[in-house]
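**Student:** full-length UniProt numbering applies: residue 1 is where the sequence shown begins, and numbers increase by one. Virtual Cβ for every residue (Gly too), placed ideally from N, Cα, C. Everything numeric in this text was worked out from a predicted model, so none of it was measured.
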Amino acid sequence: MRFILIFKATRYSEAGVKFSREHNDAMVAYKKSLARAGALLAAEELQPSSSGIRILYPLHGGEPEVKAGPFPVNQELIAGYTLIDVNSEDEAADWALRMPYPRGCGAFEIEMRELKENTDSTRDPRILAMKADLEDQINMLKRI
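(1) Please tell me whether I53 and A68 are closer than 8 Å, where the distance is taken between their beta carbons.
(2) What's the gap between the Cα of P58 and the Cα of M99?
(3) When DSSP labels each residue in this structure, what does D94 get in the three-state scheme?
(4) Could you please give me the residues that DSSP links to A43 through a beta bridge?
(5) Assign L141 to one of three DSSP states: helix, strand, or coil.
The structure is reproduced here in structure tokens:
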């Protein structure tokens with residue numbers, strides 16, 4: 001089961017305030033423990049919304065409107081995410097609860113959501129890799 005742990009932007013992250021060395025070290029250790037457990041798929045921080053745009057499509061059609069950031073923090077902006085692959089929702093919640101948060105930077109929020117599973121297994125990179133390995137083995141056996 002794949003889950004995304006979304007950490008929400010704060011006025012500090014939107015201002016580009018760097019976290020403490022202790023927090024950064026704790027995040028590195030957290031990501032290493034996820035990797036050792038085989039659960040880490042990706043983890044990224046986003047630039048502040050001042051470097052982003054929004055594309056708004058009108059309700060009844062027409063040309064989209066492009067708005068440049070920054071956007072208000074109260075609009076539930078995302079500051080980053082961690083993508084994990086675990087065996088259960090409880091395990092995902094356990095990892096979410098272990099994520100270090102930057103102390104002294106106000107409230108911090110993590111949203112956890114399960115990703116929809118790809119019903120087209122032919123696109124799953126793990127299955128594609130196994131298929132390629134099997135084809136290599138079959139070709140090798142044909143040469144014998």
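**Tutor:** Reading from the atomic positions:
(1) Here the question's residue 53 lines up with position 53 in the sequence shown. Here the question's residue 68 lines up with position 68 in the sequence shown. Against a cut-off of 8 Å, the Cβ pair of A68 and I53 comes out as a contact.
(2) In the sequence shown, residue 58 corresponds to position 58, counting from 1. In the sequence shown, residue 99 corresponds to position 99, counting from 1. Distance between the alpha carbons of P58 and M99: 38 Å.
(3) As a position in the sequence shown, residue 94 is number 94, starting the count at 1. Here D94 sits in helix by DSSP.
(4) Locating residue 43 in the sequence shown gives position 43, where the first residue counts as 1. In DSSP, A43 forms a bridge with T82.
(5) If you number the sequence shown from 1, residue 141 lands on position 141. Note: L141 maps to helix in three-state DSSP.
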